[in-house]
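These protein sequence lines are chains P and C, in that order. The working numbering runs 29 ahead of the 1-based position in the first sequence. The working numbering runs 29 ahead of the 1-based position in the second sequence.
2 protein chains.
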Amino acid sequence: MVLFDLLGRRWALGILWNLSAEALTFRELQSRCDTVSPTVLNTRLKELRTAGLVEKAESGYVLTGAGTALFQHLEPLGDWAADWTRSL
Amino acid sequence: MVLFDLLGRRWALGILWNLSAEALTFRELQSRCDTVSPTVLNTRLKELRTAGLVEKAESGYVLTGAGTALFQHLEPLGDWAADWTRSL
DNA sequence: TCATGTCGCTATTAAAAACGTAGCAATATC
DNA sequence: GATATTGCTACGTTTTTAATAGCGACATGA
């Protein structure tokens, strides 16, 4: 499963999550992701870009069509996660 | 996002995926996961078990109720991933 | 024009995680 | 008692992530 390999890297899911709402600059993204190191952020962004899930726009980094489609499958997971976290 | 932190670790998604269909023993799981090292597999299993997503049964490792619920949200992602992989 | 600030990102060094292989203890099978 | 399988640990190596500093490009304002 190629996708799981890509998403199973640190911050990959978080980056998609944060970009889903709005375009973010590198530094904005960095501060949203609980201070991920710039090295890792840049590496993940490169990976996500070559995977065609994220791209660069004037306003910053944004999800591509594929990225948005992926997020739509990921989104219900967020709601579920909230309940689940509470039950730990 | 606690869930993303847990799932954003190597093999975590793959383990859930493989356990979704049937119960698997440690070694079965190991061979399904493209020869993940036993060290990592055991670490992931511990994490997933304390997270209440996976548990041990007679027949091997299985998803808990929460694990199954999570997988149901994850499943459509698999179909999507197949199409997406093709379009790379 | 020159200081000041922000931005995207690289460099570097250190710590943590994952890998790969060997193998042990326990249980089952013969 | 010999052999095999299972779950898992040990351990040395490689890869990934973290943490921090800071550079070059560009904007702003004095």
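Where a beta carbon is used, it is the ideal one built from N, C-alpha and C, also for glycine. Note that the structure is a prediction, hence the values are computed from the model and not measured.
Check: In chain P, which residues lie less than 9 Å from Pro67 (chain C) when you measure between Cβ atoms?
Finding: Here the premise fails: no neighbours, minimum Cβ distance about 18 Å.
Margin query: If distances are taken between C-alpha atoms only, which option among P:Ser116, P:Ala111, P:Arg115 and P:Gly89 comes closest to Ala50 (chain P)?
Written below: P:Gly89
Note to self: So with CB distances below 8 Å, who are the chain P contacts of Thr114 (chain C)?
What the structure shows: Val31 and Leu32
Notebook entry, point to check: What do you reckon, are the CB atoms on Gly96 (chain P) and Leu45 (chain P) nearer than 8 Å?
Noted result: yes
Notebook entry, point to check: Within 8 Å (strictly less), CB to CB, does Gly81 (chain P) reach chain C?
Noted result: yes
Notebook entry, point to check: What residues in its chain sit with their C-beta under 7 Å from that of Val65 (chain P), if we drop five residues either side in the sequence?
Noted result: Trp40 and Gln59
Note to self: Alpha carbons only, please: which of P:Leu70, P:Val31 and P:Ala111 is nearest the one belonging to Leu48 (chain P)?
What the structure shows: P:Leu70
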